[in-house]
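Here the sequence shown stands for residues 1 to 207, numbered as in full-length UniProt numbering.
For every residue, glycine included, the Cβ atom is placed at its ideal position computed from N, Cα and C.
Keep in mind that this is a model prediction, so the values were computed, not measured.
Notes follow once the structure below has been shown.
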Amino acid sequence: AQNLASLRRDGLGAEDVEDAIRNHFCSQLPYTNIDHVTLFVNPFRELPIHDGSWIEKYSQMDETLPPHIYNAAAKAYSRGIEPVKQNQVILLLGEPCTGKTRAFDHLLKYYVQTSGEGDDDLLGKLPGFLRPFVSVKCQCGKASWSSTRALFSVELRLASDGFLASSAASVALLEAGRAARDAESEGFSFEALYLVLKEPSAQNWIG
1 AQNLASLRRD GLGAEDVEDA IRNHFCSQLP YTNIDHVTLF VNPFRELPIH
51 DGSWIEKYSQ MDETLPPHIY NAAAKAYSRG IEPVKQNQVI LLLGEPCTGK
101 TRAFDHLLKY YVQTSGEGDD DLLGKLPGFL RPFVSVKCQC GKASWSSTRA
151 LFSVELRLAS DGFLASSAAS VALLEAGRAA RDAESEGFSF EALYLVLKEP
201 SAQNWIG
């Protein structure tokens, strides 16, 4: 089923839902729709389903296309312009390491390509610029990854022609206590601090 909300309710159990999600995941499309919710299973690897050609496909609002984060982005955009013109919110919710930060990157990439005016490169680079200041390094055996430790939001404003007019970013609920942590005993601090320490001149003011 493209949308699990369409499944028969009678006798529907957790195993049926899990099977439907697993089928989508095994088909290299880790997205599943449940009514207006897009469920994403983190594949922990790059998939060839997020480049510009996929953005172009989903911007056409073709309802026959399988569930995708670009589909969620397209629906929000269509309701934010004429004739509906309603404010839209996309919330990325999940446990740590479920792919929220990467999903955020995909959303910005979609809006830059479909509603940008050619000079929005800075918006697309925003996550990469801020990530060292809000992320910590996590490690399990040989595997390592960055995990965001803050609430990160971006507000996009559209002009009357549907193109991006302005944007504003904010960071809240930052785990500021990590800045003074001892990595060996209390876990890693924010990545930006380690980048600073790599600078030869850092010893002049750190001691």
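Asked                                                                                                                                                                                : Found
Could you tell me which of L164, A172 and R22 sits nearest to F133, measuring between CA atoms?                                                                                      : A172
From which residue to which residue does the alpha helix (DSSP H) around R79 run?                                                                                                    : I69 to G80
Count the CB pairs spanning the region 49 to 68 and the region 82 to 92 that are closer than 8 Å, and state whether there are at least three.                                        : no
Which residues does DSSP pair with C26 in a beta bridge?                                                                                                                             : Answer by DSSP bridge pairing: none, since C26 is not bridged.
So Y31 and I55 are in contact, right, with Cβ under 8 Å, and what is the actual spacing, rounded?                                                                                    : Contact flag wrong, Cβ pair sits at about 14 Å.
Identify every run of the beta strand (DSSP E) within the region 126 to 155, keeping only runs that are complete inside it and at least 3 residues long; order them along the chain. : 135 to 140 and 143 to 148
Spatial neighbours of L92 within its chain, please: CB distance less than 7 Å, with the 5 preceding and 5 following residues excluded, ordered by chain position.                    : K100, A103 and F104
With DSSP collapsed to three states, give me the class of S53.                                                                                                                       : helix
Using 8 Å for Cβ pairs, my map puts L65 next to S115. What's the rounded Cβ distance?                                                                                                : Going by Cβ atoms, the distance from L65 to S115 rounds to 19 Å, so no, they are not a contact pair.
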